[in-house]
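Residues 1 to 465, numbered by the working numbering, are exactly what the sequence shown covers, in order. Just so it is clear, CB atoms sit at the ideal spot from N, CA and C, and this is done for glycine as well. From a predicted model like this one, the values you see are computed outputs, not experimental measurements. What follows is a single structure, written as structure tokens, with notes after it.
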Amino acid sequence: MKFTLGKRTFMVGGITALAAALVGVAVATVAGIAGWEYSNSNHFCATMCHDVHPEEIRAHATGSHARVNCVECHMGRVSTLKLMALKPTHMKELWGMIVGYERPLHSSTLRPSREACEGCHWPSAEHHDSIATKVRYGTDPESSEAKTTLVLHTGVGAVRESSAKGVHWHVMNEVEFVSLDPQRREIPWVQVKRPDGTKVTYIDAESKATAAQMSGAEKRTMACYDCHNSAGHSFENPEFLVDELIRTGKIDRGLTATKSRAIALITASEKVNGKPEERAAAIDKLLAESAAKAATPPEMKPKEDLFNKAMKELLVGVSFQEKGFSWKSFPDHLGHTDTPGCFRCHDGKHYNEKGESIRLQCTLCHNLPQVVRENGDGSVASLIPEKAGIEPPSSHSRPNFMHTHSDDIGPNCEKCHGNVKFGRKGGGFCSNPACHGRSYPGLNLTVEPPKPAEKKAGIETRRPG
């Protein structure tokens, strides 16, 4: 084989040509693999393509799933060949890069749970009850501590299968639902498939959705991320982050009204936006104003400095670059503290054709909270369980028990629950501050639930393909 370079002619043997070709193929292969791996990296997803909310990148990097790559949830833990086939289907997102994405961003590209979540979290494995203790601090001058303990019923378990308790019941059974808003804050229609194959449909009596909207909506099969929707990059309530800073000693509650000052700073910082350095400067100003107002004595300066350092880091972390956004823009459907969450369905006003509501019973997913305050006042340290030989009354299994339980009060209640004394300051079973001393988004227990609405549409269900 000959080739000419200038006035000189070179002879290349067949083996040399083959070797050069193999080197070229090897280089191209390595480059292709490197490019493919980079296209699956968090840096590529978050900065090259989806630089929409920088805060989501930060939240992912500091969250419990920091070592789980974007593609593992948004495309699933699937084979390379399947991943190659899936990627071209996301070309439609290129238009968003050109004209801009909607804000707040919501994802419609998550893969089925069996291809993502279940790579680590196998739902059919036995999940035992767990104990969760939440430490909260009050807005009084001493920032008094209160501990709330819950026993969480996570898995369905063989023992509880007959009573259908446990959070994971929802994914171990076939549950379909309709939500007309992209963040799925409201669920007006639910259908449950029973073990015998029959289906029961529940409709929100207060839903403003029309029959046409309901019948034309996509029916989704409930999956892990319909509750765990913020597992990848969650935005927590800053007030609870302050509680954690106090609990771990990063903020000393020896300062007067520590928690109250922190909440005031959080409220004031909601108007802060811009680049990180701009937000930091604005927050420094807020901290200086707070310190001047508090007039902390000189001997408390080390504690004041500790407070300012921790609060600056927190406030910069929870503030957003764009105007009009905060942690509230990204609802977390797990639980029912800051958003309706569980109460999107378990609100006492989703009725079936018989007029029965989806069960509104606290003890389906956890026991009744036990609250212990550091000074002992108003504690509910020991809730009396079902006593041996005493069968719970039938009212306890009523689907809408949380709405109606106060109407059933009688002398027999004291056999298990002790002295029945209503209130919200604690000290007894019926004055538990974790139940009565607060409000819940999406749930109103102070008024009678609405009556069942007329059937809006005969909807044929189908599993999303």
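Report the option in 426, 403, 399, 395 whose CA atom is closest to the CA atom of residue 412.
By 1-based counting over the sequence shown, the position of residue 412 is 412. The shortest Cα separation from residue 412 among 426, 403, 399, 395 belongs to 395.
Review point. What is the DSSP secondary structure of residue 315, reduced to helix, strand or coil?
Key: Start at 1 with the first residue of the sequence shown, and residue 315 comes out as number 315. Three-state DSSP puts residue 315 in a helix.
Exercise for the section: Verify whether the separation of the beta carbon atoms of residue 466 and residue 219 is less than 9 Å. Expected result: The question about residue 466 has no answer, for the chain in this structure spans 1 to 465.
What does the alpha-carbon distance come out to for the pair residue 63 and residue 280? In the sequence shown, counting from the first residue as 1, residue 63 sits at position 63. In the sequence shown, counting from the first residue as 1, residue 280 sits at position 280. For residue 63 and residue 280, the distance between alpha carbons rounds to 22 Å.
Practice task
Alpha carbon to alpha carbon, how far is residue 136 from residue 332? Give it in angstroms, no decimals.
Solution key: Numbered from 1 along the sequence shown, position 332 holds the residue referred to as residue 332. Numbered from 1 along the sequence shown, position 136 holds the residue referred to as residue 136. Roughly 19 Å separates the two Cα atoms.
| task | Indicate the three-state DSSP secondary structure (helix, strand or coil) for residue 405 in the structure shown. | result | Here the question's residue 405 lines up with position 405 in the sequence shown. Here residue 405 sits in helix by DSSP.
Is the number of C-beta pairs between the segment 234–252 and the segment 125–140 that are closer than 8 Å three or more? yes
Starting from residue 180, trace the alpha helix (DSSP H) in both directions and tell me its first and last residue. Sequence index remark: in the sequence shown, residue 180 carries index 180 (1-based). Note, residue 180: premise wrong, no alpha helix (DSSP H); not H, not E.
Exercise for review: Can you grab the Cα-Cα spacing for the pair residue 390 / residue 365, in whole Å?
Suggested key: Here residue 390 refers to the residue found at position 390 when the sequence shown is read from its first residue. Here residue 365 refers to the residue found at position 365 when the sequence shown is read from its first residue. Going by the C-alpha atoms only, they are around 22 Å apart.
Check your understanding: Using the rule of at least 16 other Cβ atoms within 10 Å of the residue's Cβ for burial, across every protein chain shown, is residue 211 buried or exposed?
Key -> Counting from one through the sequence shown, the residue named residue 211 turns up at place 211. The residue is exposed, with fewer than 16 neighbouring Cβ atoms inside 10 Å.
In three-state DSSP terms, what is residue 251?
Your numbering for residue 251 matches position 251 in the sequence shown. If DSSP states are grouped into helix, strand and coil, residue 251 belongs with coil.
Beta-carbon contacts of residue 129 that lie in its chain and below 6 Å, excluding the five residues immediately before and after: On the sequence shown, position 129 is the one that residue 129 refers to. If we look at residue 129 and ignore the five residues flanking it on each side, its Cβ neighbours are 151, 153.
Can you say whether residue 414 is buried or exposed, counting buried as having 16 or more other CB atoms within 10 angstroms of its CB? Residue 414 sits at position 414 when you count from the first residue of the sequence shown. Under this definition residue 414 is an exposed residue.
Coil, strand or helix - residue 187 by DSSP:
If you number the sequence shown from 1, residue 187 lands on position 187. It is coil, neither helix nor strand.
- Task: State the start and end residues of the unbroken beta strand (DSSP E) segment that holds residue 135.
- Result: Against the sequence shown, residue 135 aligns to sequence position 135. Where residue 135 is concerned, the enclosing beta strand (DSSP E) stretches over 130–137.
- Thinking C-alpha only, which one of 206, 72, 260 is nearest residue 41? Here residue 41 is taken as the residue at index 41 of the sequence shown, counted from 1. Taking only the C-alpha atoms, the option nearest residue 41 is 72.
* Per the contact definition of three or more C-beta pairs closer than 8 Å, is the segment 340–357 in contact with the segment 303–323? -> no
How long is the line joining the alpha carbons of residue 228 and residue 113, rounded to whole angstroms? Reading the sequence shown from its first residue, position 228 is the one you call residue 228. Reading the sequence shown from its first residue, position 113 is the one you call residue 113. Straight-line Cα distance between these residues: approximately 11 Å.
| query | Any idea which residues DSSP pairs residue 220 with across the strands? | reply | On the sequence shown, position 220 is the one that residue 220 refers to. Beta-bridge pairing links residue 220 to 177.
**Request:** Classify residue 267 as buried or exposed, calling it buried when 16 or more other Cβ atoms lie within 10 Å of its own Cβ.
**Result:** Mapped onto the sequence shown, residue 267 falls at position 267. Residue 267 comes out exposed.
Problem - Rounded separation between residue 363 and residue 180 - CA only - result: Residue 363 sits at position 363 when you count from the first residue of the sequence shown. Residue 180 sits at position 180 when you count from the first residue of the sequence shown. Computed Cα separation, rounded: 29 Å.
Check your understanding: Cα-Cα, which of 423, 122, 54 is closest to residue 380?
Key -> For this step, residue 380 is matched to residue 380 along the sequence shown. That would be 423, whose Cα lies nearest to the Cα of residue 380.
Cβ separation of residue 231 and residue 65, assumed to be a contact under 8 Å, to the nearest whole Å | To locate residue 231, count along the sequence shown from 1; it is residue 231. To locate residue 65, count along the sequence shown from 1; it is residue 65. That pair is a contact at about 6 Å.
task = Mind reading off the beta-carbon distance from residue 435 to residue 392? Whole number of angstroms is fine, and I expect it under 8 Å.
result = Residue 435 sits at position 435 when you count from the first residue of the sequence shown. Residue 392 sits at position 392 when you count from the first residue of the sequence shown. Actually they do not touch by this definition, with Cβ atoms about 18 Å apart.
Just to confirm, are residue 291 and residue 304 a CB contact at a threshold of 9 Å? The residue given as residue 291 occupies position 291 in the sequence shown. The residue given as residue 304 occupies position 304 in the sequence shown. Yes; because the gap between Cβ atoms is below 9 Å, this pair is in contact.
Work out the CA separation of residue 83 and residue 105 for me, nearest whole Å. Along the sequence shown, one-based indexing puts residue 105 at 105. Along the sequence shown, one-based indexing puts residue 83 at 83. Cα to Cα, the separation comes out at about 23 Å.
I'd like to know whether the C-beta atoms of residue 350 and residue 203 end up nearer to each other than 9 Å. By one-based count along the sequence shown, residue 350 stands at place 350. By one-based count along the sequence shown, residue 203 stands at place 203. Cβ distance < 9 Å, so residue 350 and residue 203 count as in contact.
Exercise for review: With a threshold of 16 other CB atoms inside 10 Å of the CB of residue 162, please say whether the residue is buried or exposed.
Suggested key: Residue 162 sits at position 162 when you count from the first residue of the sequence shown. The predicted model places residue 162 with a pLDDT of 47, which falls under 50 and marks its position as unreliable; any figure quoted below should be read in that light. That one is exposed.
key: Neighbourhood of residue 421 by C-beta distance below 7 Å, restricted to the same chain and skipping five residues each side   = Here residue 421 corresponds to residue number 421 of the sequence shown, with the count starting at 1. Closer than 7 Å at the Cβ level, and outside the excluded window around residue 421, lie 428, 430, 431.
Check: On the premise that residue 167 lies in contact with residue 222, defined as a C-beta separation below 8 Å, what is that separation, rounded to the nearest angstrom?
Finding: By one-based count along the sequence shown, residue 222 stands at place 222. By one-based count along the sequence shown, residue 167 stands at place 167. At roughly 12 Å, the Cβ-Cβ gap does not stay under 8 Å, so residue 222 and residue 167 are not in contact.
- Query: How about the segment 398–412 and the segment 351–362: do they share at least three Cβ pairs that are nearer than 8 Å?
  - Reply: yes
Practice prompt. Could you pull out every unbroken alpha helix (DSSP H) segment of at least 4 residues lying fully inside the segment 43–78, listed in chain order?
Written response: 54–61, 70–74
Practice problem: Consult DSSP for residue 213 and reduce its assignment to one of helix, strand or coil. | Solution: Here residue 213 is taken as the residue at index 213 of the sequence shown, counted from 1. Residue 213: helix per DSSP, three-state reduction.
Cutoff 7 Å; reference residue 57; Cβ partners in own chain excluding five residues on either side = Mapped onto the sequence shown, residue 57 falls at position 57. So the list reads 46, once near-sequence residues are dropped.
**C-beta contact flag for residue 306 and residue 251 at 9 Å** = By one-based count along the sequence shown, residue 306 stands at place 306. By one-based count along the sequence shown, residue 251 stands at place 251. Yes, Cβ-Cβ distance for residue 306 and residue 251 is below 9 Å.
*asked:* How far does the alpha helix (DSSP H) with residue 289 in it extend, from its first residue to its last?
replied: One-based indexing of the sequence shown puts residue 289 at position 289. Per DSSP, residue 289 belongs to the alpha helix (DSSP H) from 276–294.
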